[in-house]
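The opening residue of the sequence shown carries number 790 in our numbering; numbering runs sequentially from there.
We put the CB at the ideal spot given by N, CA and C, even for glycine.
Predicted model, so just to flag it, every value in this text is computed and none were measured.
Each remark here refers to the structure printed beneath this line.
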Amino acid sequence: MTGRHDGISLNRCKVVLYRAEGCHLCERARVTVEELRDELGFELEEIGIDGDPELEARYRELIPVVEIDGEQAFTYFVQPEALRRRLDRA
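Here you go:
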């Protein structure tokens, strides 16, 4: 759900970024997601999978993984305009 308040876009989506230490794709995804968060105002949670056997088994071959409101939206690469479109639809 999006709205506007005093010219600022408010986006009530929750975005989760699953990442691992030393992952250059994760760092690029983090920068992209944080830049859009600053612009659009959605909630962002970053979760490191390192040391968590369940998360490592689920995400190790896919990271970075971005979920929007609990739905997997991106793996490997996050394109800013594609993320913006997904957030607009959420």
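Using a Cβ distance threshold of 8 angstroms, VAL822 and LEU844 do not count as a contacting pair. When GLU856, PHE863, LYS803 and GLY859 are compared, the shortest CA-CA separation from LEU829 is found for LYS803.
Between the C-alpha atoms of GLU860 and GLY840 there is a straight-line separation of about 23 angstroms. In the three-state reduction of the DSSP assignment, VAL804 falls in the strand class, which pools E and B. Under a 10 Å Cβ-count criterion, ALA871 is classified as exposed, with fewer than 16 other Cβ atoms of the shown protein chains found around its own Cβ. By the neighbour-count criterion, in which a residue is buried when 16 or more other Cβ atoms sit within 10 angstroms of its Cβ, PHE863 is buried. Here GLY837 is near GLU810, since their CB atoms are less than 8 angstroms apart. In the DSSP assignment, VAL867 falls outside any alpha helix (DSSP H) and carries neither an H nor an E.
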